[in-house]
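Residue numbers (the UniProt record's numbering), protein chains in the order written: chain V, 1 to 319; chain B, 1 to 440. Just so you know, even glycine gets a beta-carbon here, dropped at the ideal spot from N, CA and C.
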Amino acid sequence: MSATTVPATWNKARQQPGRLARLFDYKPFLVFACLLPALGLLGVFLTYPLGLGIWLAFTDTTIGRRGVWIGFENFEYLFTDPIFWNAVFYSVFYTGVATLGKFALGLWLALLLNNHLPLKSLLRAIILLPWIVPTVLSAIAFWWIYDPQFSIISYLAVDVLGVRTTNFDFLGSAWPARWSLIAANIWRGIPFVAISLLAGLQTISPSLYEAALLDGSTPWQRFRYITFPMLMPILAIVMTFSIIFTFTDFQLVYAITRGGPVNSTHLLATLAFQRGIPGGQLGEGAAIAVSMIPFLIFATLFSYFGLARRKWQQGEGND
Amino acid sequence: MTNMFTRRGTAGLAGAALLGGRAMAAIPTSPATAPSLPIERGATLRMLRPVRFVQPDEDVFRANAARFTAATGVEVRVDFVGWEDITQQTAVTANTGAGPDLIIGFNESPHVYQDKLVDVTDVATYLGTKYGGWKALAQRYGKRAGSNNWLGLPFGASGGPLIWRKSAVNEAGFTEIPEDLAGFLRVCQGLKRIGKPAGFALGNAVGDGNAFANWLVWSHGGYLVDEEGKVAINSPQTIAALTYLKDLYPTFLPGTLSWGDVSNNRAYSASECWMTENGVSLYFSLKNDPALAPLAEDTQIQPMPKGLAATAPNAGLTLNAMVFKHSRFPNAAKAFLSFMLEAEQYDPWLQANVGYWGQPLNAYDESDTWKGDPKVAVFRTTMNSDFWLGYKGPISEGSAAANADYVMVQMCASVASGQATPQAAAAEAERRARRFFRAR
Numbered sequence: 001m002s003a004t005t006v007p008a009t010w011n012k013a014r015q016q017p018g019r020l021a022r023l024f025d026y027k028p029f030l031v032f033a034c035l036l037p038a039l040g041l042l043g044v045f046l047t048y049p050l051g052l053g054i055w056l057a058f059t060d061t062t063i064g065r066r067g068v069w070i071g072f073e074n075f076e077y078l079f080t081d082p083i084f085w086n087a088v089f090y091s092v093f094y095t096g097v098a099t100l101g102k103f104a105l106g107l108w109l110a111l112l113l114n115n116h117l118p119l120k121s122l123l124r125a126i127i128l129l130p131w132i133v134p135t136v137l138s139a140i141a142f143w144w145i146y147d148p149q150f151s152i153i154s155y156l157a158v159d160v161l162g163v164r165t166t167n168f169d170f171l172g173s174a175w176p177a178r179w180s181l182i183a184a185n186i187w188r189g190i191p192f193v194a195i196s197l198l199a200g201l202q203t204i205s206p207s208l209y210e211a212a213l214l215d216g217s218t219p220w221q222r223f224r225y226i227t228f229p230m231l232m233p234i235l236a237i238v239m240t241f242s243i244i245f246t247f248t249d250f251q252l253v254y255a256i257t258r259g260g261p262v263n264s265t266h267l268l269a270t271l272a273f274q275r276g277i278p279g280g281q282l283g284e285g286a287a288i289a290v291s292m293i294p295f296l297i298f299a300t301l302f303s304y305f306g307l308a309r310r311k312w313q314q315g316e317g318n319d
Numbered sequence: 001m002t003n004m005f006t007r008r009g010t011a012g013l014a015g016a017a018l019l020g021g022r023a024m025a026a027i028p029t030s031p032a033t034a035p036s037l038p039i040e041r042g043a044t045l046r047m048l049r050p051v052r053f054v055q056p057d058e059d060v061f062r063a064n065a066a067r068f069t070a071a072t073g074v075e076v077r078v079d080f081v082g083w084e085d086i087t088q089q090t091a092v093t094a095n096t097g098a099g100p101d102l103i104i105g106f107n108e109s110p111h112v113y114q115d116k117l118v119d120v121t122d123v124a125t126y127l128g129t130k131y132g133g134w135k136a137l138a139q140r141y142g143k144r145a146g147s148n149n150w151l152g153l154p155f156g157a158s159g160g161p162l163i164w165r166k167s168a169v170n171e172a173g174f175t176e177i178p179e180d181l182a183g184f185l186r187v188c189q190g191l192k193r194i195g196k197p198a199g200f201a202l203g204n205a206v207g208d209g210n211a212f213a214n215w216l217v218w219s220h221g222g223y224l225v226d227e228e229g230k231v232a233i234n235s236p237q238t239i240a241a242l243t244y245l246k247d248l249y250p251t252f253l254p255g256t257l258s259w260g261d262v263s264n265n266r267a268y269s270a271s272e273c274w275m276t277e278n279g280v281s282l283y284f285s286l287k288n289d290p291a292l293a294p295l296a297e298d299t300q301i302q303p304m305p306k307g308l309a310a311t312a313p314n315a316g317l318t319l320n321a322m323v324f325k326h327s328r329f330p331n332a333a334k335a336f337l338s339f340m341l342e343a344e345q346y347d348p349w350l351q352a353n354v355g356y357w358g359q360p361l362n363a364y365d366e367s368d369t370w371k372g373d374p375k376v377a378v379f380r381t382t383m384n385s386d387f388w389l390g391y392k393g394p395i396s397e398g399s400a401a402a403n404a405d406y407v408m409v410q411m412c413a414s415v416a417s418g419q420a421t422p423q424a425a426a427a428e429a430e431r432r433a434r435r436f437f438r439a440r
């Protein structure tokens, strides 16, 4: 009988955790809860403004008057507006040419800086200057450089060297103004590219070059078959950023030409601002801004798939 | 004078008319009855206005506001806002129904927000009767189109006359600037010949570019919209104006197509440009710089040539005060504006501005402001102008937007640069303007 008696057991029951504690022990919930602050931030500062911008693009809101939903009317108007198409053209042209220029010169500069030079750190710091200076300040400097009356370049050419009799008219007609802005943008963008690529260059193992040297490679072969492929991942990232920054550039153009002469240098960003804020047509300005999104998505996807995901980088087979 | 207003909120400013006889000796007044504006109990006011041109503007404005406080007990807080921000802040104030009780904005603002504003006809009628009537531009910007109801109280306007170097014009063989367009062209051609060219902004310059483009079209009898607000820019007059520009533009110094608002000031100060259109600021910057004082001495200022118009085709940038319906103290706000436009306050303020702002009320023609430097006296008649932005339609957000989007400037610039024929440029301006003036 006694054998069947219940032995003395430790019967202090394990305290059942409270409902809240159990909830927080539930992993999916915990993950969700931890994500909430970030989601809130993204929602308030990213999704809401973006959503509002897209909503505005489908209304005829002006500064001072609530708009009503008008569907695609803004876009229909823009598609018949030669000023808009000019801005599309120049945005693409500006981005394309400036990106090419920045990468060609930036890569070259990075290769130079990768050599052993005296005062290497100081040189690298100096190279960064155009990037560090606030864009508006460098824009104002270029504005003076391109001034029709007081340009330093005109002064040198006309008064000092005497090779010209009249001042350069940098910003007075369409194509010179377009090229002048691209030059300013390249000047400003080189350091970012150069320093980023320099960082990439320094991760390439010297043993690869040594092996190539032993195989009797030329400098061009070393660049083409070692440096360039090894740089590809960082090149893709830097190029994505650079394209986005250039395509959405605003300050340089707005400070130097305000889109002039006769709207020939408007980028989509400056045109969106011009129509939306000084012109007061918030809906139309938003529509212009929204029409940049497809271009940006395309540029990003192009960089990402076209440059970054090369199979040889990921060591995959040739399938 | 102020001891009449010791009891807060009771006497209010209804007694202001009593001061009429004791107003500043220089400013003539007629008897008028001030509207009864019993100031609300516990009233305080907050107002926005654009920042100053010159420091005394702000000092005197604040001192005047302090006198209003001393007289009525109503605290007034005045905030000075950057010029490019005031329109947006007005929009936010009007749309949210919160914020300042009153705003001194620019030009068209009271017309854009007319259903959000307190009618100020009583104050305007009183001031008009007392101070010799409102000037033409003040009536245009103050009253609702086609009515006698006042939406805003204009505080002054800043005009853009022709400013030129006497020595250069004399050297070119002229003693004065003719009022007719052919004569004006001859002067510009003469200046070009002697290598001392004129220059007018044709770039995206909100102030100077629009002023010149408007002058060009208006002086040929053209206009952006007709009396009903229908776009009418594509007219024979506009095409005549643009054809005239094809002859005029080659006389300019190079680079005016990229000129911003400050470019002509710089070129004129450097003696690269010898005739331009600008506000009084250019003259003062020359006069106050010892190195440039001889240029100021040589400078002449006069209204732009009339051409085919009856008065000089120039629309001054107008300060336009409005009282919002959301204000809890509309009487105090109206009393404050009225107080600020009375001679005891307004005349010192006008003088403090040394000519930057021209008065909206005729009686202030007698102000000492205009008795000092004769070159500044041209700004006395700024508000006599028969032209306004969006001439000759009702003032609306459309006229403001067309101005801000450089519709007229770019029409002129495209012809000057040879990118478009006058016909094509006028048609393009019509296309763009239709968008801004479309019915909503």
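| Query | Result |
| --- | --- |
| Cα-Cα separation, R193/B to A184/V | 36 Å |
| Host alpha helix (DSSP H) of D25/V (start-end) | 19 to 25 |
| Spatial distance of F80/B from A21/V (CA atoms) | 55 Å |
| Buried versus exposed, by CB contacts within 10 Å (16 or more), residue 443/B | Any question about residue 443/B goes unanswered here, given that chain B covers just 1 to 440. |
| Three-pair Cβ contact test at 8 Å for the stretch 264 to 280 of chain B versus the stretch 291 to 307 of chain B | yes |
| Chain B contacts from the stretch 251 to 271 of chain V (Cβ-Cβ distance under 8 Å) | T257, R258, G259, G260, P261, V262, N263 |
| Cα-Cα separation, L231/V to V238/V | 10 Å |
| Contact belief for R67/B with Q351/B at Cβ below 8 Å, rounded distance in angstroms | With a Cβ gap of about 16 Å, R67/B and Q351/B do not count as contacting. |
| Among G105/B, A71/B, A429/B, the one whose alpha carbon lies nearest that of L117/B | G105/B |
| Test: residue 471/B CB closer than 8 Å to a CB of chain V | For chain B, the structure presents residues 1 to 440; residue 471/B sits outside this window and is missing. |
| Neighbour flag for R435/B against chain V, beta carbons, 8 Å | yes |
| Helix, strand or coil at N148/B [DSSP, three-state] | coil |
| Short CB-CB distance (under 8 Å) between G255/B and chain V | yes |
| Segments assigned alpha helix (DSSP H), at least 4 residues, entirely inside the stretch 370 to 425 of chain B | 397 to 404, 407 to 416 |
| Under 8 Å between C-beta atoms of G255/B and D169/V | yes |
| Residues, ordered as in the chain, of the stretch 91 to 119 of chain B that lie near chain V by beta-carbon distance below 8 Å | A91, A94, N95, V112, Y113 |
| Alpha-carbon spacing of S399/B relative to L389/B, whole angstroms | 6 Å |
| Q300/B: first and last residue of the uninterrupted beta strand (DSSP E) it sits in | 299 to 302 |
| Short CB-CB distance (under 8 Å) between E397/B and chain V | yes |
| S147/B burial status per 10 Å Cβ neighbour count (16 or more: buried) | exposed |
| Rounded C-alpha distance that separates T227/V from S217/V | 13 Å |
| Contact set between the stretch 11 to 30 of chain V and chain B, restricted to residues whose Cβ is under 8 Å from the partner | none |
| Interface flag, D386/B vs chain V, CB-CB below 8 Å | no |
| Any C-beta of chain B under 8 Å from that of P37/V | no |
| Backbone CA spacing between A157/V and E108/B [nearest angstrom] | 47 Å |
| For T299/B and W349/B, the rounded distance between their alpha carbons | 26 Å |
| Nearest to R435/B (by Cα), restricted to the options P176/V, F93/V, Q281/V, S196/V | Q281/V |
| Counterpart residues of K143/B in DSSP-defined beta bridges | W150/B |
| Which of helix, strand or coil DSSP assigns to residue 372/V | The structure shown does not extend to residue 372/V, since chain V is modelled only from 1 through 319, so no value can be given for it. |
| Bounding residues of the alpha helix (DSSP H) (the contiguous stretch that carries E176/B) | Counting along the chain, E176/B falls outside any alpha helix (DSSP H), and DSSP gives it neither H nor E. |
| CB contact flag (A43/B, V74/B, <8 Å) | yes |
| Amino acids of chain B, ordered along the chain, whose beta-carbon sits closer than 7 Å to that of L78/V | Within 7 Å Cβ-Cβ: nothing; L78/V doesn't reach chain B, min ~10 Å. |
| Within chain B, the residues that L171/V reaches when beta carbons sit closer than 7 Å | S258 |
| Residue nearest to I54/V in terms of C-alpha spacing, selected from L301/V, A289/V, F298/V, T300/V | A289/V |
| Reference S196/V; option with closest CA among F305/V, L105/V, R224/V, Q274/V | L105/V |
| Below-8 Å beta-carbon distance, N167/V vs any chain B residue | yes |
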